[in-house]
Amino acid sequence: MNVTYVCPHCERMNRLDWTPERTALACAHCRRELRTPADAFADGHLRRCLVCPSTDLFIRKDFPQRLGVTIVVLGLAASCIPWYYARPVWTFAVLFATALCDLVLYLIMGNALTCYRCGAQYRGLDERDQHGGFDLATHERYRQQAARLAELQDRTERERVTQ
Numbered sequence: 003m004n005v006t007y008v009c010p011h012c013e014r015m016n017r018l019d020w021t022p023e024r025t026a027l028a029c030a031h032c033r034r035e036l037r038t039p040a041d042a043f044a045d046g047h048l049r050r051c052l053v054c055p056s057t058d059l060f061i062r063k064d065f066p067q068r069l070g071v072t073i074v075v076l077g078l079a080a081s082c083i084p085w086y087y088a089r090p091v092w093t094f095a096v097l098f099a100t101a102l103c104d105l106v107l108y109l110i111m112g113n114a115l116t117c118y119r120c121g122a123q124y125r126g127l128d129e130r131d132q133h134g135g136f137d138l139a140t141h142e143r144y145r146q147q148a149a150r151l152a153e154l155q156d157r158t159e160r161e162r163v164t165q
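So the sequence shown is numbered by the numbering used here: it starts at 3 and just counts up by one.
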């Protein structure tokens, strides 16, 4: 399994191969180790994040979203050329080809398991039955929690400076 995460100590991206037998994730930059919870794997499935204490994980396509948006925008822009020359059949052919390209990429790309809280990504797992897709309510809960913690830290820092 491949794990991609941001080290909580040095805040730099790490990517490493991990097996359930290992007991820690080692940062390649600051050399600190994160102990992995013993209960993270059960019955051969990842039950919780290895980086943070979250059990909320979701499955998404392992494909760069910017590249997907770029393909759609380029297809739209390319379809404007035949539309300008009053060729609606060619316009729809370009749009159909763009949609077909997007469908093929969707079918051949693998999945990644992602943590809502810290954003750690796990590749090389078959977790479709264990975890669901993205849930906006869960994402919003973690986003609001992070915003409140950041606001509290800012307020504490300002109070400390004024004293």
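For every residue, glycine included, the Cβ atom is placed at its ideal position computed from N, Cα and C.
Neighbour-count burial assignment, C32, 16 or more Cβ in a 10 Å radius = With fewer than 16 other Cβ atoms from the protein chains shown falling within 10 Å of its own Cβ, C32 counts as exposed.
Determine the closest residue to P22 out of L52, R150, H11 and V8, with distance taken between C-alpha atoms.
-> Checking every option, the nearest Cα to that of P22 belongs to L52.
Identify every residue that forms a DSSP beta bridge with R49.
-> Bridge partners of R49: none, in fact.
T116: buried (16+ other C-beta within 10 angstroms of its C-beta) or exposed?
-> With a 10 Å radius around the Cβ and a threshold of 16 neighbouring Cβ atoms, T116 comes out buried.
Taking the CB atoms as reference points, tell me whether R62 and A114 lie closer together than 8 Å.
-> Between R62 and A114, the C-beta spacing is below 8 Å.
Between the CA atoms of F60 and D137 - distance to the nearest angstrom = Note on geometry: alpha-carbon atoms of D137 and F60 lie some 8 Å from one another.
Which residues in the same chain as A30 place their Cβ atom closer than 6 Å to its Cβ, once the five residues preceding and following it in sequence are excluded?
-> The residues are N16.
In chain order, which beta strand (DSSP E) runs of at least 3 residues are fully inside the segment 53-121?
-> Runs of beta strand (DSSP E) with 3 or more residues, each lying fully within the segment 53-121, are found at 59-63 and 113-117, listed in chain order.
7 Å Cβ shell around E159 - same chain, five flanking residues per side excluded = Same-chain partners within the cutoff: there are none.
Looking only at its own chain, which residues have a Cβ that is under 6 Å from the Cβ of R14, when we skip the five neighbours before and after it?
-> Contacts found: H31.
When the Cα of A42 is compared with those of R34, E35 and C54, which residue comes out closest?
-> The alpha carbon of A42 has as its nearest neighbour, out of R34, E35 and C54, the alpha carbon of C54.
Out of curiosity, what's the CA-to-CA distance linking I83 and L109?
-> A straight line joining the alpha-carbon of I83 with that of L109 spans about 29 Å.
Pick out whichever of S56, A99 and Q155 has its Cα sitting closest to the Cα of H141.
-> Checked all of S56, A99 and Q155; the closest Cα to H141 is S56.
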